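First to last, the sequence lines map onto chains C and U. Here the working numbering is used: position 84 in the first sequence is 1429, and no number is missing along the way. Here the working numbering is used: position 150 in the second sequence is 1495, and no number is missing along the way.
Protein chains: 2
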Amino acid sequence: MINRYSGVPAYRQVADDIRARINSGEYGPGDKLPSEREMVDAYGVSRPTVRDAIGLLRSQGIVTAEHGKGVFVRRLPPVTRLSTERLSRASREANQAAFLGDAATGGFKATSATRVYFEPAVARIADVLGVEPGTEVCVRDRVMNRNDMPVQLAVSRLPRSLTTGTAIEQENPGPGGVYARLEEAGHRFAHFTETVSARMPTPDETSALRLATGTPVITVTRVAYTTTGAAVEVNDMVMVADRFELVYEIPAD
Amino acid sequence: MINRYSGVPAYRQVADDIRARINSGEYGPGDKLPSEREMVDAYGVSRPTVRDAIGLLRSQGIVTAEHGKGVFVRRLPPVTRLSTERLSRASREANQAAFLGDAATGGFKATSATRVYFEPAVARIADVLGVEPGTEVCVRDRVMNRNDMPVQLAVSRLPRSLTTGTAIEQENPGPGGVYARLEEAGHRFAHFTETVSARMPTPDETSALRLATGTPVITVTRVAYTTTGAAVEVNDMVMVADRFELVYEIPAD
DNA sequence: CTGGATAACTCGTCCTTACCAGTTATCTGT
DNA sequence: ACAGATAACTGGTAAGGACGAGTTATCCAG
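Shown next, in the form of C-alpha cells:
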C-alpha cells in the first residue's frame, strides 16, 4: 500500500489514502476510522507514522480524534447564515437580540452569557470611537451558544458617556438589545462597517469555544455610526469558522 | 523548566513557554528560534517532544519551519483591505481590474494568470445563474499574485450566452475587466452578494497558494445581479487569510 | 582573490518501545 | 437482575535512535 521509493513520505501517503477514502464515500461523516493499531498493520508502517498521518488530517479539519473512542470523519455542522438584515431596524423591533434571533430562525436553541464591566479605552478603541485614550468605556463581553455549544464570542465597547443610566450597563439590555436602547436615547444609526478576516484561534479561544484542532475562526469587527457621523460602538466578534456564513449585499453604486 | 507533575503535558509546557517568549517580545517577527537540539538541552526533554511543541505552534500559525534553516516567528504579512468600493462603477472605469487596482494602491506589484475554458454548469452554479444544469458556462480561472507570491484564487463562471463574441472569453478581457464588458453589452448591475466563510485549505490550495501549515483561507462567493434581476456571474474566491481584510459597509436601513 | 568541495549545522522522516488515560463491553459477585 | 470491578479496547504522551535532505559558513586549492 505504501511505496517506499516514490519520494512521497509514508505519512503523507497514508493521509492521502485516508482522505481519498473519505472523499469516495467509503468513510462518511461521523464514521469511525480504523484504529491506529489497525492502520499500522494495514499500511505496514509504525504507529508514529500513522499518528503523523492522522495529525495532518486533523490539522486540515477533516477528522477529529476522541480519546478512548477513536478517530472520526468530521461532520459538517449546521451553518448559520448571518445576513446584513440582522442590523436592520425592523429585525431589531422583532427580536430580543440579533444573535438570538438569527439562531432561532435556524431552529436551534440559542443562549448567551454576558459579563458587563468598565475599562479605560486602549489606543485602537479610543481612535475608532473618537475619544481620548483612557476614557472609560462600557464593555459587554458575551459568549453565544447554540444548542449549548459555544459558537461565538463578542466583545462590544461603547463610550460610557452613552451608557450610564441605561439598560446597556445591565447584563440583559432588554428587548431589541443594545442598539434599541441607543436609538431610544436619541442616537439614530446611519450605517455599520464590518471588517472580516480569519485566523487560527488563540489558546484562550480554543478553550472558550471548545475547538478541535484544525478549526479556524472568523473575526468580525463591527463599528456602528450614527447620523451625526459619530462611532458609538466597536464590536469584536470571533466565530467558529465552520458554523458561520456571512452574507453581504452590495449595491452596484 | 518543565514541571513533570503538573499534569500539563511536557510538549504543551514547551509550546506555552515559547509562545510566552514571543508575546513578550523576546523573539520578534522574523526571528529565529533556538534549534530543536538546543531546546532539547534547554528544556530537558526529548527531540520528539520538542517537535510536538513546535508542531503545535505551527498549527496555530505562530511560527514557520524552514528546512535547513530553522524555525522562525511568523511575520505579519502586509494586509490588503478589500472594500466594497472595488465593485463600484467609478473604480471600474479607472482600473484594469478590481484585484489589480486594489493591490496597486497598497504599493505592491500585482500580477495574475488567467485560464479560460468552458464546461457544463453543475447543479449549484446552474441554480444560482438560473439556467438548466448542463448549460455551457464560461469559466475564468485565475491565480492572483502579490509581489510574485500567490495570494488569491478566483473561479468566475458566466452563462456562455452572455460571453460569446466578447473579450470575456479572452484571457485579458480589457480595461475595467469582465464587469466593464458586461455593461458595454447592455447588462447593468444592480447589486452583488458576497457570502464569506473560512476553512482550512485543501491540499490543492495549499500547493497553489504555497501555504504554510496553520494558515486558513477565506472563501468568498460573489454573485452579480443585473437590474433585470438575473444573476450573470458566480465568482468563487479563495484568499490566504492572513493577507486579507474584507470591509463591508451596511446601511442602517 | 576566487570557486568549489566539505563540514557542520538546520529540520524532516521513520522506526521501536513503553506507559498513561479515557471509554466501553464483559464478566462476576451479590 | 443489578452493580461494580475489570479487561480490552481506544488515542495521548514520551523516550531514544537512526538516517535523509536542505542550507550555509568555512577552508583549501587553484
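Note that CB positions come from ideal geometry on N, CA and C, so glycine has one too. The model shown is predicted, which means the values in this text are computed figures rather than measured ones.
Local Cβ density within 10 Å of residue i, reported as buried at 16 or more and exposed below that
i, result
"C:Phe1534", "buried"
"U:Ala1586", "buried"
"C:Tyr1524", "buried"
"C:Arg1567", "buried"
"U:Ala1530", "exposed"
"U:Val1541", "buried"
"C:Glu1560", "The sequence as given places Thr at residue 1560 of chain C; Glu does not occur at that position. With 16 or more other Cβ atoms within 10 Å, it is buried."
"C:His1532", "buried"
"U:Ala1458", "exposed"
"C:Lys1391", "It is worth fixing the name first, because residue 1391 of chain C is Ser in this sequence and not Lys. Counting Cβ neighbours within 10 Å, C:Ser1391 comes out exposed, since fewer than 16 surround it."
"C:Gly1475", "exposed"
"C:Ala1543", "buried"
"C:Pro1423", "exposed"
"C:Tyr1462", "exposed"
"C:Pro1393", "exposed"
"U:Asn1517", "exposed"
"U:Arg1349", "exposed"
"U:Thr1564", "buried"
Closest residue to residue i among the options (Cα-Cα distance)
i, options, result
"U:Leu1527", "U:Val1418, U:Val1577 and U:Gly1352", "U:Val1577"
"C:Ile1513", "C:Asp1397, C:Asp1376 and C:Arg1460", "C:Arg1460"
"U:Glu1481", "U:Asp1361, U:Ala1387, U:Val1592 and U:Glu1464", "U:Glu1464"
"U:Glu1590", "U:Lys1414, U:Ser1428, U:Ser1380 and U:Ser1369", "U:Ser1428"
"C:Leu1507", "C:Arg1434, C:Leu1402, C:Ala1575 and C:Glu1411", "C:Ala1575"
"C:Glu1383", "C:Gly1415, C:Gln1497, C:Phe1537 and C:Ile1407", "C:Gly1415"
"C:Glu1373", "C:Arg1502, C:Leu1421 and C:Val1395", "Glu is not the amino acid found at residue 1373 of chain C; the sequence shown has Gly there. Measuring from the Cα of C:Gly1373, the nearest candidate turns out to be C:Leu1421."
"C:Asn1492", "C:Ala1455, C:Arg1431, C:Asp1472 and C:Asp1362", "C:Ala1455"
"U:Pro1495", "U:Gly1510, U:Arg1469, U:Val1473 and U:Leu1556", "U:Leu1556"
"U:Val1395", "U:Phe1537, U:Gly1375, U:Asp1361 and U:Thr1425", "U:Asp1361"
"U:Val1467", "U:Leu1432, U:Glu1550, U:Val1353 and U:Pro1504", "U:Pro1504"
"C:Glu1430", "C:Leu1402, C:Ala1398, C:Ser1552 and C:His1536", "C:His1536"
"C:Thr1538", "C:Gly1352, C:Glu1594 and C:Thr1409", "C:Glu1594"
"U:Arg1437", "U:Pro1520, U:Ile1399, U:Val1473 and U:Asp1397", "U:Pro1520"
"C:Gly1413", "C:Glu1381, C:Arg1485, C:Arg1434 and C:Arg1403", "C:Glu1381"
"U:Ile1470", "U:Val1579, U:Asn1368, U:Met1584 and U:Ala1365", "U:Val1579"
"U:Thr1558", "U:Met1545, U:Ala1569 and U:Tyr1570", "U:Met1545"
"U:Ala1387", "U:Ile1347, U:Ile1367, U:Arg1366 and U:Asp1486", "U:Ile1347"
"U:Ser1552", "U:Thr1572, U:Pro1596, U:Val1488 and U:Gly1522", "U:Val1488"
Cβ of residue i within 8 Å of any chain C Cβ
i, result
"U:Tyr1593", "yes"
"U:Thr1425", "no"
"U:His1532", "no"
"U:Ser1404", "yes"
"U:Arg1434", "yes"
"U:Ile1347", "no"
"U:Thr1429", "yes"
"U:Arg1460", "no"
C-beta neighbour in chain U for residue i, strict 8 Å
i, result
"C:Ile1363", "no"
"C:Gly1446", "Low per-residue confidence applies at C:Gly1446: pLDDT is 49, beneath 50, and the placement is therefore not dependable, though the value from the model is reported in the following sentence. No, no contact with chain U."
"C:Thr1394", "no"
"C:Ile1563", "yes"
"C:Ala1449", "Only weak support exists for where C:Ala1449 lies, its pLDDT of 49 falling under 50; the value from the coordinates is given anyway. It does not: the Cβ of C:Ala1449 has no partner Cβ on chain U nearer than 8 Å."
beta-carbon residue i near the ligand ATP non-hydrogen atom, thresh 7 Å
i, result
"C:Gly1406", "Among the components modelled here there is no ligand, and therefore nothing to report on the ligand ATP."
| Near-chain U residues of the segment 1517-1546 of chain C (beta-carbon distance less than 7 Å), N- to C-terminal order | Taking 7 Å as the Cβ-Cβ cut-off against chain U, the residues of the segment 1517-1546 of chain C that qualify are Phe1534, Ala1535, His1536, Phe1537, Thr1538, Glu1539, Thr1540, Val1541, Ser1542, Ala1543, Arg1544 and Met1545.
| field | Selection of the segment 1569-1597 of chain C by Cβ proximity to chain U, strictly under 7 Å | value | Ala1586, Asp1587, Phe1589, Glu1590, Leu1591, Val1592, Tyr1593, Glu1594, Ile1595, Pro1596 and Ala1597
| field | Residues within the segment 1547-1560 of chain U neighbouring chain C, beta-carbon criterion of under 7 Å | value | Thr1558 and Gly1559
| message | To test your reading of the DSSP string, which unbroken alpha helix (DSSP H) runs of 4 or more residues are found completely within the segment 1441-1519 of chain C? | response | 1443-1450, 1468-1474 and 1505-1508
| Which parts of the segment 1525-1554 of chain U are runs of the alpha helix (DSSP H), unbroken and 4 residues or longer, counting only runs that do not cross its ends? | 1548-1553
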